[in-house]
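Everything below concerns the one structure shown next.
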Amino acid sequence: MDKNIITDNNAEFLTTIYQSTKHLDIRNKILKLLYDFNFSALKEFFLSSYKKERYLDMKIYALRGLSQFIEEKETLEQVNIQYDAMPDAFKDHYTVDETGEIVMLKSHSETKRIMDKYWENEKKNLG
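So the sequence shown is numbered by our numbering: it starts at 471 and just counts up by one.
Below you can see the structure in the form of structure tokens.
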């Protein structure tokens with residue numbers, strides 16, 4: 471879908487699809503389509519999406535959309551709370567550029583090594 475044809479009416483239709491589907495790829499695409507719009511109905515959509523999503527990239531898309539409705543200070547506080555809550559092993563693997571695309575900061579093999587070590591330590595701590 472083209473962002474140039476998004477209106478308040480079809481944005482509402484897209485949010486209904488988002489809320490009714492369990493398909494991550496569809497929810498992801500809808501978040502990416504809508505995060506640059508500030509239609510009044512989208513404030514609640516982005517807030518609920520931010521709370522609902524478990525995957526960091528999708529939380530970031532929702533937060534990006536929500537940032538159009540809340541103060542920058544509030545947005546940064548939310549980002550910092552989420553970031554600080556994560557174990558260090560999960561930090562600094564990727565970022566999101568200004569177009570919403572994921573940019574890898576570490577190689578896949580380095581990320582895998584760090585994750586494997588983290589989960590190995592977690593397993594030892596449980597046992």
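Where a beta carbon is used, it is the ideal one built from N, C-alpha and C, also for glycine.
Notebook entry, point to check: What are the residues that DSSP puts in a beta bridge with tyrosine 564?
Noted result: Met574
Notebook entry, point to check: Smallest Cα separation from alanine 532: which of Ser579, His493, Met585, Lys499?
Noted result: Lys499
Next item on the list: Note down, in chain order, each residue of its chain lying with its Cβ closer than 7 Å to the Cβ of glutamine 489, except the 5 sequence neighbours on either side.
Entry: none
Margin query: Mapping the DSSP letters down to three states, classify threonine 486 as helix, strand or coil.
Written below: helix
Next item on the list: Compute the distance between the beta-carbons of leucine 503 and methionine 528, then report whether it is under 8 Å.
Entry: no
Next item on the list: Locate the alpha helix (DSSP H) running through threonine 545, then write down its first and last residues.
Entry: 542-555
Checklist line | Cβ-based neighbour list, lysine 492, same chain, cut-off 7 Å, excluding 5 preceding and 5 following | finding: none
Checklist line | alpha helix (DSSP H) segment containing glycine 535, residue limits | finding: 526-536
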